[in-house]
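Enquirer: Numbering (our numbering), first residue to last: 7 to 124.
Just so it is clear, CB atoms sit at the ideal spot from N, CA and C, and this is done for glycine as well.
Here is the structure:
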């Protein structure tokens with residue numbers, strides 16, 4: 007019984023701008039140093055740096071950019087019933103009572119609440 011949550015995040019604007027500026031520096035290094043010295047490798051270097059610049063500035067200023075998605079799974083909660091399975095809840099309640107963490111009155115009150123939900 008797991009429920010999945012979908013969470014998206016967007017990197018900070020400051021970090022993305024910094025990455026874009028660093029990428030511009032690497033594009034310059036590629037154009038003026040690596041391409042003349044290493045040829046085809048220099049072209050690859052420069053294209054990768056251009057991609058890094060584009061990605062970082064899109065993350066910083068792109069209106070439609072949402073960011074990567076992270077899935078978080080929560081244990082013990084079903085997707086159909088956000089409060090969980092009544093049988094599990096009753097067993098957990100009994101366990102709390104057996105360990106003397108709740109009083110008999112609290113146990114009976116909560117037990118009646120769970121049974122009314124059925």
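1) Using a threshold of 7 Å, state whether the C-beta atoms of residue 59 and residue 29 are closer than that.
2) Assign residue 45 to one of two classes, buried (16 or more other C-beta atoms within 10 Å of its C-beta) or exposed (fewer than that).
3) In chain order, what residues of the same chain lie with their CB nearer than 8 Å to the CB of residue 175, ignoring the 5 residues before and after it?
4) Label residue 26 either buried or exposed according to how many other C-beta atoms from any shown protein chain fall within 10 Å of its C-beta, with 16 as the threshold for buried.
5) Starting from residue 71, follow the alpha helix (DSSP H) in both directions and report where the run begins and ends.
6) In terms of residues, what are the limits of the alpha helix (DSSP H) holding residue 109?
7) Hey, how far is the Cα of residue 5 from the Cα of residue 33?
8) Going by DSSP in three states, residue 139 sits in which element: helix, strand or coil?
9) Using the Cβ count rule (16 or more neighbours within 10 Å means buried), how would you classify residue 40?
Expert: Well, looking at it:
1) Taking the chain shown and counting its residues from 1, the one referred to as residue 59 is at position 53. Taking the chain shown and counting its residues from 1, the one referred to as residue 29 is at position 23. Against a cut-off of 7 Å, the Cβ pair of residue 29 and residue 59 comes out as a contact.
2) Position 39 of the chain shown, counted from the first residue, corresponds to residue 45. By the 10 Å Cβ count, residue 45 comes out exposed.
3) Given that the chain is displayed from residue 7 to residue 124, the structure contains no residue 175 and the question cannot be resolved.
4) Translated into the one-based positions of the chain shown, residue 26 becomes position 20. Residue 26 is buried by the Cβ-count criterion.
5) Counted from its first residue, the chain shown places residue 71 at position 65. No alpha helix (DSSP H) contains residue 71, which DSSP labels as neither H nor E.
6) Taking the chain shown and counting its residues from 1, the one referred to as residue 109 is at position 103. Counting along the chain, residue 109 falls outside any alpha helix (DSSP H), and DSSP gives it neither H nor E.
7) Any answer about residue 5 is impossible in this case: the structure gives the chain only from 7 up to 124.
8) The chain is shown from 7 up to 124; residue 139 falls before or after that span and cannot be answered.
9) By one-based count along the chain shown, residue 40 stands at place 34. With 16 or more Cβ atoms within 10 Å of its Cβ, residue 40 is classed as buried.
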